[in-house]
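Structure first, then comments.
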Amino acid sequence: MVEVRHHYATVRGHRVFYREAGAREAPTLVLLHGYPSSSRMFRHLIPALADRFHVIAPDHLGFGNSDVPSVDAFPYTFDSLTDITEALLAQLDVTRYAVYVQDYGAPIGWRLALRTPDAITAVITQNGNAYEDGFVPEFWKPVWAYCENPGPQTEPAVRAALSLDAIRWQYLHGVDRPELVDPDTWAADHHEVSRPGNDLVQLALFRDYASNPPLYPQVHAYFRERQVPLLAVWGAGDEIFGPDGARAFARDLPDAEIHLVPGGGHFLLESHLDTVAGYVRGFLTAAASPA
Numbered sequence: 043m044v045e046v047r048h049h050y051a052t053v054r055g056h057r058v059f060y061r062e063a064g065a066r067e068a069p070t071l072v073l074l075h076g077y078p079s080s081s082r083m084f085r086h087l088i089p090a091l092a093d094r095f096h097v098i099a100p101d102h103l104g105f106g107n108s109d110v111p112s113v114d115a116f117p118y119t120f121d122s123l124t125d126i127t128e129a130l131l132a133q134l135d136v137t138r139y140a141v142y143v144q145d146y147g148a149p150i151g152w153r154l155a156l157r158t159p160d161a162i163t164a165v166i167t168q169n170g171n172a173y174e175d176g177f178v179p180e181f182w183k184p185v186w187a188y189c190e191n192p193g194p195q196t197e198p199a200v201r202a203a204l205s206l207d208a209i210r211w212q213y214l215h216g217v218d219r220p221e222l223v224d225p226d227t228w229a230a231d232h233h234e235v236s237r238p239g240n241d242l243v244q245l246a247l248f249r250d251y252a253s254n255p256p257l258y259p260q261v262h263a264y265f266r267e268r269q270v271p272l273l274a275v276w277g278a279g280d281e282i283f284g285p286d287g288a289r290a291f292a293r294d295l296p297d298a299e300i301h302l303v304p305g306g307g308h309f310l311l312e313s314h315l316d317t318v319a320g321y322v323r324g325f326l327t328a329a330a331s332p333a
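Mapping of the sequence shown onto our numbering: position 291 corresponds to residue 333, and the numbering continues sequentially without gaps.
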């Protein structure tokens, strides 16, 4: 059985939790989780890959087992979360790596790629958006309204995303076999976003999500110029980032490998772990092979 190691690092004065598995001399894969989860979302994927890869999966500040500084003590923006991730990787002496992004992990991963393009060997995006095409309007309309005009008229709709029902929906919508999804997932996530002060953390990040689409043209230019190997593996039933968001990668990366997984939703690993792990193993092995 593959060992998964659990560590803390002090990064810029904050304790950052991360999971690690595999031999450190093997090619490194960094897993970046989304909202409202943590590196726990990769708990089954990590051992499925660690026989061949060195896998690192941090919890962003404000999530999981990492510190949750107050909004007065830390600026909760995607730039700041990227700062912490970049500093953690530097501390761990990780200079070359593939990156796997999902949901919130995507804007962090794109910023890492723009800051240190030579560090990124390959990209795996699992329901992690980089194109306007991916936004499902019914989900995003209240988010954009809150970003544009945060206040008592717009906040209730996004605050509702912190509820148990909303988090359960994130896990189950679009999934053809919901009995495969462990209810501990949404229970744990809800417990964590319900910690004192965490609602303000999440609201700050909701507001800052508006900083991501303006970055997309730079991300697309990075794709076109670097032609980084990219795998998009996407739950076809995702009603947050729809399948058009996966297809869009081919515009700038004609060699991108794109898979829409029928019966999968936003948290695809919960219902289709073996499918995703198979795609990832094959893709990373091919990406590491000489042309």
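Even glycine gets a Cβ: it sits at the ideal position worked out from N, Cα and C.
Determine the DSSP secondary structure at residue i, reduced to helix, strand or coil.
i: Arg57; result: strand
i: Tyr264; result: helix
i: Arg157; result: helix
i: Ala298; result: coil
i: Glu45; result: coil
i: Gly320; result: helix
i: Ala187; result: helix
Can you check whether the CB of residue j is closer than 9 Å to the CB of residue i?
i: Leu310; j: Val275; result: yes
i: Phe95; j: Thr127; result: no
i: Ala398; j: Val136; result: The structure shown does not extend to residue 398, since the chain spans only 43 to 333, so no value can be given for it.
i: Leu87; j: Leu315; result: yes
i: Ser79; j: Asp145; result: yes
i: Gly307; j: Gly277; result: yes
i: Gln195; j: Tyr77; result: no
i: Pro304; j: Asp175; result: no
i: Leu154; j: Thr124; result: yes
i: Leu156; j: Ala51; result: no
Name the one or two DSSP bridge partners that residue i has.
i: Phe177; result: Phe283
i: Leu74; result: Val143
i: Thr52; result: Arg57
i: Ala63; result: Val46, Val97
i: Thr167; result: Val143, Ala274
i: Val303; result: Gly277
i: Ile150; result: In the DSSP output, where bridge partners are listed per residue, Ile150 has none listed.
Using a Cβ-Cβ cut-off of 6 Å (strictly less than) and excluding sequence neighbours within five positions of residue i, which residues of its own chain qualify?
i: Leu73; result: Phe84, Ala99, Tyr142
i: Tyr173; result: Gly287, Ala290
i: Arg210; result: Trp228
i: Asn171; result: Ala148, Phe283, Gly287
To which residues of the same chain is residue i closer than 8 Å at the C-beta, ignoring the five residues directly before and after it?
i: Ser205; result: His232
Closer than 7 Å by C-beta to residue i: which residues in its own chain qualify, once you throw out the five before and the five after it? Chain order, please.
i: Ala298; result: Leu272, Ala274, Phe291, Ala292
i: Ala208; result: Ala202
message = So within the region 190-262, which uninterrupted alpha helix (DSSP H) runs reach at least 4 residues, ignoring any that extend past its ends?
response = 197-201, 206-214, 225-235, 240-250
inquiry  = For a minimum of 3 consecutive residues, which ranges assigned as the beta strand (DSSP E) are wholly contained in the region 85-125?
reply    = 96-100
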